[in-house]
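Let me begin by presenting the structure, written as structure tokens, before commenting on it.
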Amino acid sequence: MNARDSSADDALYRTRHSLAHVLAQAVLDMRPGSTLGFGPPIADGFYYDFILTEPITEDDFPELEQRMRRILKKGQRFYREDLSVADAFTRLDEMQEPYKREYAAELVDKNGLPSLSFYRNGPFLDMCEGPHVDTTRDIPRDAFKLRSVAGAYWRGDADNVMMTRIYAWAFADKASLDAAVSAFELAQERDHKKLGRELDLFLIDDDVGRGLPLWLPNGTVIRDELEKLAVELEFKAGYERVATPHIAKADLYDRTGHLAHYKDSMYPPMEVIEESADGESVRETYMLRPMNCPHHHKIYASRLRSYRDLPLRLAEYGDVYRWEASGAVSGLARVRGMSMNDAHIYCTEDQIKDVFREVISQYDEAYRILGLNDYGIRLSRWDPDDPKGREKYVDAAEAWRRSERIITELLDEMGIDYEDAPGEAAFYGPKIDVQFHTVTGRDETVSTVQLDFAVPPRLGLTYIGPDGAEHTPYCVHRAPFSTHERFTAFLIEHFGGAFPTWLAPVQVQVLTVSAQFSAYAREIVDRLRANFVRAELASESDTVAKKIRDGTTRKIPNLLIVGEREVADRTVTLRRYGVKQQATMPLDAFEAALGKAIATRSLTFEL
RNA sequence: GCCGGAAUAGCUCAGCCAGGUAGAGCAACUGAUUCGUAAUCAGUAGGUCCGCGGUUCGACUCCGCGUUCCGGCACCA
6 MNARDSSADD
16 ALYRTRHSLA
26 HVLAQAVLDM
36 RPGSTLGFGP
46 PIADGFYYDF
56 ILTEPITEDD
66 FPELEQRMRR
76 ILKKGQRFYR
86 EDLSVADAFT
96 RLDEMQEPYK
106 REYAAELVDK
116 NGLPSLSFYR
126 NGPFLDMCEG
136 PHVDTTRDIP
146 RDAFKLRSVA
156 GAYWRGDADN
166 VMMTRIYAWA
176 FADKASLDAA
186 VSAFELAQER
196 DHKKLGRELD
206 LFLIDDDVGR
216 GLPLWLPNGT
226 VIRDELEKLA
236 VELEFKAGYE
246 RVATPHIAKA
256 DLYDRTGHLA
266 HYKDSMYPPM
276 EVIEESADGE
286 SVRETYMLRP
296 MNCPHHHKIY
306 ASRLRSYRDL
316 PLRLAEYGDV
326 YRWEASGAVS
336 GLARVRGMSM
346 NDAHIYCTED
356 QIKDVFREVI
366 SQYDEAYRIL
376 GLNDYGIRLS
386 RWDPDDPKGR
396 EKYVDAAEAW
406 RRSERIITEL
416 LDEMGIDYED
426 APGEAAFYGP
436 KIDVQFHTVT
446 GRDETVSTVQ
456 LDFAVPPRLG
466 LTYIGPDGAE
476 HTPYCVHRAP
486 FSTHERFTAF
496 LIEHFGGAFP
506 TWLAPVQVQV
516 LTVSAQFSAY
526 AREIVDRLRA
536 NFVRAELASE
546 SDTVAKKIRD
556 GTTRKIPNLL
566 IVGEREVADR
576 TVTLRRYGVK
586 QQATMPLDAF
596 EAALGKAIAT
606 RSLTFEL
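Residue 20 in this note's numbering is what sits at position 15 of the first sequence, and the numbering runs on without skipping anything.
What follows is the structure in structure tokens.
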């Protein structure tokens, strides 16, 4: 069911898959009359979906686990049985498993299977491909743990019934289970919502609205530093910055096609009525913009463009608003108002590959600076067979094939490994998504490069070619730093809140051993601040131990301790976050090293 | 949006199951302390127990509705 299942024969797969059956048996025992969905192994365990007669909550887990262990103890043997299609259907009807029955019919229809396999262990019977362990005694009783209960649509389709999914961890032995559970708990500590509160980075206030974060001073520093970096990288690559308003007339989004595809996830229209000079009232409809491209397109279209002007690169950290589904909104990761690291590159078809190369190398540079390397590339393509395709994609088969071919060739030429993802394209064209594996165990799209063949012609964008005739440019959309919101959420978790000096809200905190040294401490702070270092003086009335504890809790990267010795020698004692060993050095040397670490955006701070 | 769970001081949480109108630690504030490496001491203040309704002599506690958050699913230009 996913890529990880290729090792279908290995023992752990069989253990997890068999445990799913054991869970189902225990659930049916506890909730007789419930019906089954799917119950596959997954990366760290397994789940099983049910329609339950009575809800199950996490409070039921101890009892459920106990029932499972009892089943394991019994040593139920797994028996496989292959039934003809007709017999299989009859049996599924007898079992009163309508969802399994539906799936069986589809397997037979689509794949033309001549027979279907069933597995029985003890009283439990399930239509299933296998393989399984020999007996439930082969499964370690202390290497699984129920994790959570969740809702999930049957077959992943929101038009279907909602089932109850029970997730569990399962491993080959207790040590692996314990390791996975404690890794999970550790990851919870890095949750950006938790760290965002603890480090005073942002807040979300009900009176302002769901999904509309307010950036606090500390968080704003991170935003500003990221934006500064983005602007530098873009400047070097020949981008020109523009600034455009947060709203536009609804008609514009009608012409681009955004309304047709995304109306439901836009804030509703604002109607205004104005009186014109001749006394007529003129009604106009405005919308909060859900993306910046139409505004940039209008800048492109504001004058006649020659092929000599291309590629033309327009960049803006643009604020956009999207009516994200209530259940999707979460912290900074998914919001309704966001600031996007946007740019649109207008180019000819011949230039597409070069533009992509340039953008990809910019991504490499950005990731290198931030020390990000745990990611994969996904080629997000059109899916011509998608039953909902008419709503999801522009209808232009030839243009889809053409643009996808260009990008596929490019990826191959660059020797980039990618995951092919039909059905993940934007409505206006294919894209390359950078999928990060986050420390909290999720996969998420952080950056993206998109090839848009559809919107420029709709807005009548043209350039004059060498042949003297009008042509339509392509538009490449790119956002290496995603939105400030999502990217910061990602970085908070990546760094666990302990940002490198150049990104840290407070870069240096100076602590005195006692208040009698505060003149020197203040001098240091003033000197650093004069050089735009975010330095501050720690509270005077606390003990040294307390000040160190506070600075460490706030994850300030550099604590400077000054006392009698430092004042006498004009030195500072540097205590780096997470580094046991301190170093005492001349103030000048510290300033020079710090200045260099900040200027080069160093992750480590070499002394 | 859907399924399930939760909401008590700025934060972390106890009290609620068995109704009798709130408690701790940290943070904050005030004072004392001036200290060499992860919590100095004392005091003060801080709560429409998410909101609205219902049951009850009486509701933080029970019930209903709503809001927000969390875990997932769906969605993600």
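Just so you know, even glycine gets a beta-carbon here, dropped at the ideal spot from N, CA and C.
Since the structure is predicted, the reported quantities are computational estimates derived from the model, not experimental observations.
request  = Spell out the partners DSSP gives Arg-580 in its beta bridges.
outcome  = For Arg-580, which the question treats as bridged, DSSP gives the partners Leu-564.
task = Could you tell me if Gln-440 is buried or exposed, where buried requires 16 or more neighbouring beta carbons within 10 angstroms of its beta carbon?
result = When all chains shown are included, Gln-440 counts as buried.
key: Same chain, Cβ closer than 6 Å to Thr-249, neighbours up to 5 away in sequence not counted   = In chain order, His-300 place their CB closer than 6 Å to the CB of Thr-249, counting only its own chain and leaving out the 5 sequence neighbours on each side.
task = Below 7 Å CB to CB, which residues in the same chain sit around Arg-575 once its five sequence neighbours on both sides are set aside?
result = For Arg-575, where only same-chain residues beyond five positions count, the Cβ hits under 7 Å are Pro-591, Leu-592.
message = Closer than 8 Å is the cut-off here; do at least three beta carbon pairs connect the region 284-294 with the region 435-451?
response = Segments in contact, no.
Proximity below 8 Å, CB of Arg-85 to CB of Thr-140 = For Arg-85 and Thr-140, no; Cβs fall outside 8 Å.
request  = Classify Ser-311 as buried or exposed, calling it buried when 16 or more other Cβ atoms lie within 10 Å of its own Cβ.
outcome  = Around the beta carbon of Ser-311, a 10 Å sphere encloses fewer than 16 other beta carbons of the protein chains shown; the residue is thus reported as exposed.
task = List the DSSP bridge partners of Val-515.
result = For Val-515, which the question treats as bridged, DSSP gives the partners Leu-542, Leu-565.
task = Count the CB pairs spanning the region 192-200 and the region 40-50 that are closer than 8 Å, and state whether there are at least three.
result = Judged by Cβ distances under 8 Å, the region 192-200 makes no contact with the region 40-50, as fewer than three pairs qualify.
query = Nearest CA to the CA of Ala-484: which residue from Phe-361, Arg-125, Gly-135?
reply = Of all alpha-carbon atoms in Phe-361, Arg-125, Gly-135, the one lying nearest the alpha-carbon of Ala-484 is that of Phe-361.
message = In chain order, what are the residue ranges of uninterrupted beta strand (DSSP E) at least 3 long that sit wholly in the region 101-156?
response = For the region 101-156, whole beta strand (DSSP E) runs of length 3 or above, ordered along the chain, are 120-126, 129-132.
request  = Pick helix, strand or coil for Glu-285, following the three-state DSSP scheme.
outcome  = Secondary structure at Glu-285: coil, using DSSP grouped into helix, strand and coil.
Same chain, Cβ closer than 7 Å to Arg-19, neighbours up to 5 away in sequence not counted = Pro-136, His-137, Val-138.
inquiry  = Between the alpha carbons of Gly-156 and Thr-169, how many angstroms are there, rounded?
reply    = Gly-156 and Thr-169: Cα-Cα distance of roughly 5 Å.
query = Out of curiosity, what's the CA-to-CA distance linking Leu-217 and Asp-324?
reply = When rounded, the distance between both Cα atoms is 12 Å.
request  = Determine the closest residue to Gly-465 out of His-302, Asp-92, Pro-273, Cys-133, with distance taken between C-alpha atoms.
outcome  = The shortest C-alpha separation from Gly-465 is found at His-302.
Buried versus exposed, by CB contacts within 10 Å (16 or more), Ser-11 = In this prediction, Ser-11 scores a pLDDT of 45, lower than 50, which makes its location untrustworthy; the coordinate-derived value is nonetheless stated afterwards. Label assigned to Ser-11: exposed.
key: Cβ pair Leu-33, Tyr-53 closer than 8 Å   = No, they are not a contact pair.
query = Mind pulling the alpha helix (DSSP H) runs of 4 or more residues that sit fully within the region 329-363?
reply = With a minimum length of 4 residues, no continuous alpha helix (DSSP H) run stays inside the region 329-363.
ask   = For the putative contact between Arg-383 and Glu-424, defined by C-beta atoms under 8 Å, what is the C-beta separation to the nearest angstrom?
value = Yes, Arg-383 and Glu-424 are in contact; Cβ-Cβ is about 5 Å, under 8 Å.
inquiry  = Judging by CA-CA distance, which residue of Pro-128, Thr-353, Gly-201, Lys-115 is the nearest neighbour of Glu-475?
reply    = By alpha-carbon distance to Glu-475, the top candidate from Pro-128, Thr-353, Gly-201, Lys-115 is Thr-353.
ask   = Considering Lys-254, what are the terminal residues of the alpha helix (DSSP H) in which it resides?
value = Element bounds for Lys-254: not the alpha helix (DSSP H) but the beta strand (DSSP E), 252-254.
inquiry  = Am I right that Ser-487 and Asn-346 are in contact with their C-beta atoms under 8 Å? What's the rounded C-beta distance?
reply    = About 6 Å; that satisfies the 8 Å criterion.
message = Could you compute how far the alpha carbon of Arg-21 sits from the alpha carbon of Ile-47?
response = Each residue's alpha carbon lies about 8 Å from the other.
Range covered by the alpha helix (DSSP H) that runs through Ala-484 = Run containing Ala-484: none; DSSP gives neither H nor E here.
request  = Taking only the alpha-carbon atoms, compute the straight-line gap between Gly-420 and Asp-438 and give it to the nearest angstrom.
outcome  = Distance between the alpha carbons of Gly-420 and Asp-438 is about 16 Å.
task = State the Cα-Cα distance for the pair Phe-495 and Tyr-258, rounded to the nearest angstrom.
result = If you take the alpha carbons of Phe-495 and Tyr-258, they lie about 30 Å apart.
Every unbroken beta strand (DSSP E) inside the region 200-274 [3 residues or more] = Taken in chain order, the unbroken stretches of beta strand (DSSP E) that lie wholly in the region 200-274 and span 3 residues or more are 252-254.
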